[in-house]
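One structure is given below, encoded as structure tokens.
There are 2 protein chains.
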Amino acid sequence: MHWPQRVHVCEVGPRDGFQNEGTFIPTSSKIQIINMLSETGITEIQASSFTHPKAIPQLRDAEEVFAGIERRPGVTYSALVPNERGAERALRAAADKVDVVVSVSRSHSISNTKMEPEAALEAAGRVAALCRAAGVRTSVGLATAFGCPFEGFAATANTVEFARRAIETHGFEEVALADTAGLAGPAMVYDITSSLVERFPRVRFRLHLHDTRRLGLANVVAGMQAGVTEFDSSIAGLGGCPYAPGATGNVATEDLLNLLLLVGAPASADAGAVLACARKVSEVVGHFDSAVLRAGLSASTGP
Amino acid sequence: MHWPQRVHVCEVGPRDGFQNEGTFIPTSSKIQIINMLSETGITEIQASSFTHPKAIPQLRDAEEVFAGIERRPGVTYSALVPNERGAERALRAAADKVDVVVSVSRSHSISNTKMEPEAALEAAGRVAALCRAAGVRTSVGLATAFGCPFEGFAATANTVEFARRAIETHGFEEVALADTAGLAGPAMVYDITSSLVERFPRVRFRLHLHDTRRLGLANVVAGMQAGVTEFDSSIAGLGGCPYAPGATGNVATEDLLNLLLLVGAPASADAGAVLACARKVSEVVGHFDSAVLRAGLSASTGP
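Quick mapping for you: the protein sequence lines, in order, are chains A and B.
Be aware that the first sequence starts at -19, since it is given in my numbering, and climbs by one per residue.
Be aware that the second sequence starts at -19, since it is given in my numbering, and climbs by one per residue.
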């Protein structure tokens, strides 16, 4: 089996995790958590989403969060945006990187954005153009790349072609493949990502995996076998998907780091510091969905 | 990646799962559950353990269970035994197969059996001889093969050599490697099992994995890459280890079957029937630890 020399972990808890919390998390707590995450050695943090405050009230303070955090050198503070208006706000807030998401599956796209996938991809292309003009990095996330909560696996036949268009037509150099509904298995993850990695060797591919069916880390392993070295994860396993019934959180950052330690694939983050941070986050939100937060790191067992 | 043509699932819930339940499960419920499991297409069920009633009061009814179940043709009803006395009881109860367990790690072996690993392996060899004389199949399980709750990973350096002695000195033709404390990662599982599979191509290797750190299915995947096609799992994810602090249940049978469906590695069991059985078991014991019981099979999502 193949284990990468180096893994890039992108922490999405402050966006994907927090947006699923019903109770508003005070802006000062969000800033404190992002600052604490910055101290762990994590080098990319998706800090918030510049969306309409009525769509996701929890993240209505995106501007204040970006203005309030300490920018630690070497850490990329990215923002998710749904459209050009969001991208303009993210650029004004000096986000280091702008992530935009489109759904591969038609029903998920319409349910989420009221747009066909093709129209959504074109809109994402306009976001990318805006960011390029501003000299800011951008990535596109392909939601439901491995299965749709409404259509099942039907839409996954389009994933590779959809990624090709994002890259060749709209100029994206970074593509995240998201298992939005937590349906994926390792064979599918391996097949789709290896086909893309081989075809587009210069594109940065990232996997955004949910742990709905305890396959999150198995799918990380499959991605590694295909040559993927970048993974999203969420501190304390927070997250879910409001449009994916039954979906639980993202792969927990501390569970991912435990795996990376076990396979000797180093990431920049310190697992112990991340675990302390996960404990703090679980206290703030009042829950967690993480195995290592309960059982400890494998390496900490023993004398 | 490599996906097996066929996978053998060994259901250990009635033994490994039930023995961790504090409240006595009525013998009639145990028999009902084993009969229900027999109807799902599962071809091996570890139905109980012939141990001292004071050691595991929950399984003090092993004789009644074996006498009461309907023996479905094609299903192997196995029994775990701690020693020769247990093996004699299992043979009298007409168990189809006798499983014996020894710990690779010294402290786990002494904590569990008050014997050094070498002495425990010799005692296991006597159990095997007894079973061979009676014409009954036997297997040895190597506990803490991938890490010990007391010694961490130190003992795993002995796992391959310990398995070799079980095979060459004591004549075992079936060896289960157990991640008793749920510490294993896929690199270690791959390295140890591929080394054994290559060296002993005629021996049946089985993996007994716990999901303590959400790595159970990732480790199944690693085992498959090494050529392993036999896996223990526990209905509704019941189980744990009384001597492994923080250990949670075995890989849930329904979670394992969801993975097998996703990678196209067929098992004999019907996933829907197993899921119904898991629901019944969770009602009997009042809890479960299984993702698919909560979220459903991946394949059942969609239109």
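Beta carbons: idealized from backbone N, C-alpha and C, even for Gly.
Going by the C-beta, is alanine 271 of chain B closer than 8 angstroms to any heavy atom of the ligand FMN?
With respect to the ligand FMN, the structure offers nothing, as it holds no ligand at all.
Just to confirm the assignment: which complete beta strand (DSSP E) runs, minimum length 3, are found wholly within the segment 126 to 199 of chain B?
The qualifying runs are 154 to 159, 184 to 189.
Who are the near neighbours of asparagine 15 of chain A in its chain, counting only those whose CB is closer than 7 angstroms to its CB and skipping five residues on each side?
As a working note, residue 15 of chain A is residue 35 in the first sequence. Within its own chain, the residues whose Cβ lies closer than 7 angstroms to the Cβ of asparagine 15 of chain A, once the five positions on either side in sequence are excluded, are Ile49, Glu50, listed in chain order.
For the segment 271 to 283 of chain B against the segment 40 to 60 of chain B, do three or more pairs of beta-carbon atoms, one drawn from each stretch, fall closer than 8 angstroms, so that the two count as touching?
Touching, no.
Among A/Leu241, A/Pro246, A/Gly244, A/Val254, nearest to alanine 233 of chain A - alpha-carbon criterion:
Taking the first residue of the first sequence as 1, we reach residue 233 of chain A at position 253. A quick correction: the sequence has threonine, not alanine, at residue 233 of chain A. Taking threonine 233 of chain A as reference, the option from A/Leu241, A/Pro246, A/Gly244, A/Val254 with the minimal CA-CA separation is A/Val254.
Nonlocal neighbours in the same chain, by C-beta distance under 6 angstroms from valine -13 of chain B, ignoring five residues either side:
The sequence position of residue -13 of chain B within the second sequence is 7, counting from 1. Once the five neighbours on either side are set aside, the close Cβ partners of valine -13 of chain B are Thr209, Leu240, Ala245, Ala247.
Hey, how far is the Cα of leucine 236 of chain A from the Cα of arginine 193 of chain B?
The residue you call residue 236 of chain A lines up with position 256 of the first sequence. The residue you call residue 193 of chain B lines up with position 213 of the second sequence. Using only the alpha carbons, I get a separation of about 10 angstroms.
Using only the alpha-carbon positions, how far apart do histidine 267 of chain B and glycine 162 of chain B sit?
For the purposes of this step, residue 267 of chain B is identified with residue 287 of the second sequence, where counting begins at 1. For the purposes of this step, residue 162 of chain B is identified with residue 182 of the second sequence, where counting begins at 1. So the alpha carbons of these two residues sit roughly 20 angstroms apart.
Would you kindly check if the distance between the Cβ of phenylalanine 142 of chain A and the Cβ of alanine 125 of chain A is under 9 angstroms?
Within the first sequence, numbered from 1, the residue matching residue 125 of chain A stands at position 145. Within the first sequence, numbered from 1, the residue matching residue 142 of chain A stands at position 162. Closer than 9 angstroms, so yes.
Starting from glutamine -1 of chain B, trace the alpha helix (DSSP H) in both directions and tell me its first and last residue.
In the second sequence, the residue the question calls residue -1 of chain B occupies position 19. Taken as a continuous stretch (DSSP letters only), glutamine -1 of chain B belongs to no alpha helix (DSSP H), as it is neither H nor E.
3 or more residues per run - each beta strand (DSSP E) lying fully within the segment 61 to 92 of chain A
The qualifying runs are 77 to 83.
Would you decide whether histidine -18 of chain B is buried or exposed? Buried here means 16 or more other CB atoms lie within 10 Å of its CB.
Counting from 1 along the second sequence, the entry for residue -18 of chain B is found at position 2. By the neighbour-count definition (other C-beta atoms within 10 Å, threshold 16), histidine -18 of chain B is an exposed residue.
Would the beta-carbon of phenylalanine 30 of chain A fall within 9 angstroms of that of proline -6 of chain A?
For the purposes of this step, residue 30 of chain A is taken as the residue at position 50 of the first sequence. For the purposes of this step, residue -6 of chain A is taken as the residue at position 14 of the first sequence. No, these two residues do not count as a Cβ contact at 9 angstroms.
Alpha carbon to alpha carbon, what distance is there between isoleucine 215 of chain B and proline 283 of chain B?
Here residue 283 of chain B is taken as the residue at index 303 of the second sequence, counted from 1. Here residue 215 of chain B is taken as the residue at index 235 of the second sequence, counted from 1. Just so you know, the alpha carbons of proline 283 of chain B and isoleucine 215 of chain B end up roughly 27 angstroms apart.
By DSSP's criteria, cysteine 257 of chain B is part of a beta bridge. Which residues make up the other side?
To locate residue 257 of chain B, count along the second sequence from 1; it is residue 277. Cysteine 257 of chain B is not bridged to any residue.
Would a C-beta distance cut-off of 9 angstroms place threonine 56 of chain A and lysine 77 of chain A closer than the cut-off?
One-based indexing of the first sequence puts residue 56 of chain A at position 76. One-based indexing of the first sequence puts residue 77 of chain A at position 97. Cβ atoms of threonine 56 of chain A and lysine 77 of chain A: closer than 9 angstroms.
Endpoints, beta strand (DSSP E) assigned at alanine 123 of chain A:
Position 143 of the first sequence, counted from the first residue, corresponds to residue 123 of chain A. Alanine 123 of chain A -> beta strand (DSSP E) spans 117 to 123.
Taking only the alpha-carbon atoms, compute the straight-line gap between glutamate 263 of chain B and cysteine 257 of chain B and give it to the nearest angstrom.
Reading the second sequence from its first residue, position 283 is the one you call residue 263 of chain B. Reading the second sequence from its first residue, position 277 is the one you call residue 257 of chain B. Going from the Cα of glutamate 263 of chain B to the Cα of cysteine 257 of chain B covers about 10 angstroms.
Contact list for the segment 189 to 205 of chain A against chain B, Cβ threshold 8 angstroms:
So the list reads Asp191, Thr192, Arg193, Arg194, Leu195, Gly196, Leu197, Ala198, Val200, Val201, Ala202, Gln205, given in the order they occur along the chain.
Please determine, among B/Ser85, B/Glu24, B/Gly54, the residue with the shortest C-alpha to C-alpha distance to leucine 60 of chain B.
Along the second sequence, one-based indexing puts residue 60 of chain B at 80. Ranking B/Ser85, B/Glu24, B/Gly54 by Cα distance to leucine 60 of chain B puts B/Glu24 first.
Which residues of chain B have a Cβ atom closer than 9 angstroms to the Cβ of asparagine 238 of chain A, listed in chain order?
By 1-based counting over the first sequence, the position of residue 238 of chain A is 258. Result: Gly165, Arg193, Arg194, Leu195.
Which class does glutamine 26 of chain B belong to by DSSP, given the choice of helix, strand or coil?
Residue 26 of chain B sits at position 46 when you count from the first residue of the second sequence. Residue state for glutamine 26 of chain B is assigned as strand, using DSSP reduced to three classes.
How many angstroms separate the CA atom of cysteine -10 of chain A from the CA atom of glycine 217 of chain A?
Position 10 of the first sequence, counted from the start, is the residue given in the question as residue -10 of chain A. Position 237 of the first sequence, counted from the start, is the residue given in the question as residue 217 of chain A. Whole-angstrom Cα-Cα distance: 13 angstroms.
By the 8 angstroms beta-carbon criterion, what residues does the segment 152 to 182 of chain A contribute toward chain B?
From the segment 152 to 182 of chain A, only Ala161, Gly162, Leu163, Ala164, Gly165, Pro166, Ala167, Met168, Tyr170 have a Cβ closer than 8 angstroms to chain B.
Residues within the segment 267 to 278 of chain A neighbouring chain B, beta-carbon criterion of under 9 angstroms:
Correct list: Ser270, Ala271, Val272, Arg274, Ala275, Gly276, Leu277, Ser278.
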